[in-house]
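Scroll down for the structure; my scribbles are underneath it.
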Amino acid sequence: MKKIQVGLIGFGTVGSGLAQTLLNQKDRLLRKVGTEVVLSQVADIMTDKLPEQFSDVSLTKDAADIFANPDIDIVVELIGGMEPARTFMLEAIKHGKHVVTANKALLSVHGKEIFEAAVANNVEVGFEASVGGGIPVIKSLKEGLVANKIESIMGILNGTANYILTRMSDEGAPFDEVLKDAQELGFAEADPTYDIEGIDTAHKLAILMTISYGKHVHLDDINTEGITQIKPIDIEFAREFGCRIKLLAISRNHGDHVEARVHPTMVPNSHMLANINGAYNGIHFTGDTVENVLFYGQGAGKMPTGSAVAADVVDIGRNILSGSINRVPALSYLPENIGSPVITPMSAITGPYYFRITALDKPGVLSTISGIFSKHSISIKSVMQKSRHELDPVAIVILSHVANEEAVQKAIQEIDALSECTEATVKIRILMDDE
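Heads up: the sequence shown runs through residues 109 to 543, numbered per the numbering used here.
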């Protein structure tokens, strides 16, 4: 029986993880697939020689050599970024090659173009590793939950941000200190912007929403906030309220429109996601048939992500051998049934809020702030102030009942314009117990 031959573009962390996985699991995959699944060729401009155990793998610096190789069945793109990754993916598809990628940024921006090209050329696109690392969440959505209307998605999708918030919660350490530690330990990149500003999480939410709802969701559809404004005092107050602060991806399906947002959230300790800590990911779905489902595991790393890429390679390899290409549509829905989303405006979002207002401790300030909230129909649940030092800025913490986002934004704008307020107000949404 014919071998399934793989061409790999990019022999970095994940690429070498895939190569090691295919080598380590060679005999197991042979017993499961019925033929060998082999890495035949690697393209990498930064690599002059592959490790000794891959001496039988051809090495090139030109990805075009892989596209032109008639023996290659599946091209795996693991260089990341937009270009030349997008061009490589489209070129492989044009050459009739099946493609696999872990590139969530690419798919959240150019996914529609790539998936439509694959349909036109009757090839498959595997992207399990783009969300959740080694967690088989894409396959579960496409197949295991296929009989469900997905009513909500909530997830901790970035291990770096979760590691930082966990350390801040457990140790009371400041953000900058924990970020530096995360970089030294390899949990955070030298430029951590995508992780701490919520952009990486938004990439992944766009992919999950596209599969869940059968709508091409773009990165630009998602309202995104990061965690850089979170301070130990916010962590301390969250603990007093019986919550932990998490960077959450949230989408709710309202039928004719869907929410799409990423932001810090106070999560009650009783909620499943409150106990996802460290660099781990947790992804919670609610389906109308299955109800609540939680996926948990390592969301990044050389071998977990390599495992997910290998799963796609095996799936496509099995389909090649059985003559059943695209038996399962790449996005679960048939291509002709995928449309464009209607995104719920952030101004329409409602829920309870935590506000930390930094102001001079002068008579009348609290009354003025309360008046602004009242003016915008925001009902105050409680007010707290930790300390009192005459004329020094103090933290005034206010919890609201359910309020409207548009009204909240207007109120914050007015509060921050007060001469007594010395820092921008920190706003954190609170997840209600029944969500």
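The beta carbon of each residue, even a glycine, is placed where N, CA and C say it ideally should be.
- Taken through DSSP and simplified to helix, strand or coil, I315 comes out as helix.
- Take T332, set aside five residues on each side of it, and the residues of its chain with a beta-carbon closer than 8 Å to its own are E305, G306, I307, T309, A310, R369, V370, H371, in chain order.
- Bounds of the beta strand (DSSP E) holding K354 are 351-360.
- Spatial neighbours of P453 in its own chain (CB-CB distance under 6 Å, excluding positions within 5 residues in sequence) are not present.
- Excluding five sequence positions before and after G125, the CB atoms of its chain that fall closer than 7 Å to its own CB belong to K410, M411, T413, G414, given in chain order.
- By the Cβ neighbour-count rule, N266 is buried, with 16 or more other Cβ atoms within 10 Å of its own.
- Per DSSP, N389 lies in no alpha helix (DSSP H); the unbroken beta strand (DSSP E) holding it starts and ends at 388-395.
- Under DSSP, the beta-bridge partners assigned to L167 are V150.
- N331 sits in a strand when the DSSP states are folded into three classes.
- Less than 8 Å separates the beta-carbon of V366 from that of M317.
- M540 sits in coil when the DSSP states are folded into three classes, being neither helix nor strand.
- Between the alpha carbons of G425 and I504 lies a gap of roughly 59 Å.
- Contact check between the region 256-263 and the region 386-393: three or more CB pairs, one atom from each, fall below 8 Å, which counts as touching.
- When rounded, the separation of the alpha-carbon atoms in Q128 and G120 is 12 Å.
- For K212, the enclosing alpha helix (DSSP H) starts and ends at 212-228.
- The beta carbons of A225 and L198 sit closer together than 8 Å.
- Counting every other CB atom within 10 Å of its CB across the protein chains shown gives A151 a total of 16 or more, marking it as buried.
- By the 16-neighbour rule on beta-carbons within 10 angstroms, G189 is exposed.
- Pairing V217 with T301, the inter-Cα distance amounts to about 18 Å.
- Of the candidates I264, F283, L214, S320, the residue whose Cα lies closest to the Cα of S440 is S320.
- A residue is called buried once 16 or more other Cβ atoms fall within 10 Å of its Cβ, and N230, having fewer, is exposed.
- The C-alpha of I261 is placed about 29 Å away from the C-alpha of I433.
- Secondary structure note for T274: its alpha helix (DSSP H) is the uninterrupted segment 267-279.
- Looking only at R139, P340, A515, the smallest Cα-Cα distance to V422 is reached by R139.
- Residue environment for T397: exposed (fewer than 16 other C-beta atoms within 10 angstroms of its C-beta).
- D420 places its beta carbon 8 Å or farther from that of G204.
- A direct Cα-Cα distance of roughly 31 Å separates I335 from D364.
- Across the set S482, I520, A438, L468, the C-alpha of A438 shows the shortest separation from the C-alpha of G219.
- If you draw a 10 Å sphere on the C-beta of N377, you find fewer than 16 other C-beta atoms in it, and that means exposed.
- In the DSSP assignment, the residues bridged to T458 are N512.
- By alpha-carbon distance to R435, the top candidate from G407, V227, E279, S475 is V227.
- In this structure, the alpha-carbon of C351 lies about 28 Å from that of D469.
- For Q133, no alpha helix (DSSP H) segment is defined, and its DSSP state is neither H nor E.
- DSSP places Q406 in the strand class (E or B) of the three-state scheme.
- Judged by beta-carbon spacing, E528 lies beyond the 8 Å limit of I457, meaning their Cβ atoms are not closer than that value.
- In this structure, G280 sits away from P192, with a CB-CB distance that is not shorter than 8 Å.
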